[in-house]
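Here's the structure, in structure tokens; my notes come after.
Protein chains in written order, with this note's numbering: chain L, 783 to 897; chain F, 119 to 229.
Right under this line is the structure:
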């Protein structure tokens with residue numbers, strides 16, 4: 783079975799500081815992993831995805847995530863936070879090789895960026 | 119670019135009403151999904167469909183049904199709305215090769 787744990791339901795950083803959002807997964811088979819972002823009153827937008835190529839994945843808006851199999855982690859980082867990064871972030875996992883891409887989501891992390 | 123359109127952004131209904139939430143996609147995707155989003159709980163899968171007239175229960179199907187008569191349209195039905203179904207509902211689609219694309223959501227209030 784697949785599951786995702788996001789550590790920290792709320793994260794606050796100052797503008798210009800490092801952003802680190804944590805995600806650990808559980809999967810019975812090699813997974814696909816995703817980070818989505820949700821701005822207020824909008825749907826989810828894909829930030830980046832890991833599908834078995836390079837373990838360091840670069841996404842949109844300067845975000846990146848590293849797949850670490852030994853730690854079953856897929857943490858999201860950004861070197862320098864911007865006010866526009868304030869949003870809710872969701873980590874998700876699906877079974878690799880499945881043609882029906884059912885996603886299992888974490889509970890989300892709300893990122894606040896202080897000026 | 120994939121477009122997933124949910125018919126209403128905000129909807130207010132009364133307890134006991136039959137409620138229809140509509141989702142339409144323009145990319146001929148096989149797979150469509152309905153999620154419910156509640157604070158602190160993330161997204162939970164209600165139902166999904168992998169073909170016309172085909173449906174599968176997700177994690178929380180109780181109190182809901184779905185309809186997929188045409189490939190581009192996937193409807194979520196609340197047979198008899200209750201206050202505990204007040205939530206944000208998100209529709210998503212995918213073709214099995216690319217990540218899911220989401221609509222903007224319908225914020226449903228049941229009074």
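Backbone N, C-alpha and C define an ideal beta-carbon position, used for all residues, glycine too.
In this text, all values refer to a predicted model and were calculated from it rather than measured experimentally.
Annotation for residue 868 of chain L: 893, 894, 895 place their beta carbon closer than 7 Å to its own, counting only its chain and skipping 5 residues before and after.
With a 10 Å radius around the Cβ and a threshold of 16 neighbouring Cβ atoms, residue 884 of chain L comes out buried.
At least one CB atom of chain L sits nearer than 8 Å to the CB of residue 217 of chain F. For the 8 Å CB-CB criterion, residue 137 of chain F and residue 190 of chain F do not form a contact. Taking all protein chains shown into account, residue 890 of chain L has 16 or more neighbouring C-beta atoms within 10 Å of its C-beta and is therefore buried. At a cut-off of 8 Å between beta-carbon atoms, residue 804 of chain L makes no contact with chain F. Only residues of its own chain outside the window of five on either side were considered, and among them 816 have a CB closer than 6 Å to the CB of residue 831 of chain L, listed in chain order.
Within the same chain, and ignoring the five residues on either side of residue 844 of chain L in sequence, the residues whose Cβ sits closer than 6 Å to its Cβ are 860. Excluding sequence positions up to five before and after residue 227 of chain F, its CB lies within less than 6 Å of the CB of 130, 204, all in the same chain and listed in chain order. Below 8 Å, enough C-beta pairs join the segment 142–155 of chain F and the segment 165–173 of chain F to call them touching: three or more. Contact fails between the segment 834–853 of chain L and the segment 119–135 of chain F, because fewer than three Cβ pairs, one in each stretch, are under 8 Å apart. By the CB criterion at 8 Å, residue 139 of chain F and residue 194 of chain F fall inside the cutoff.
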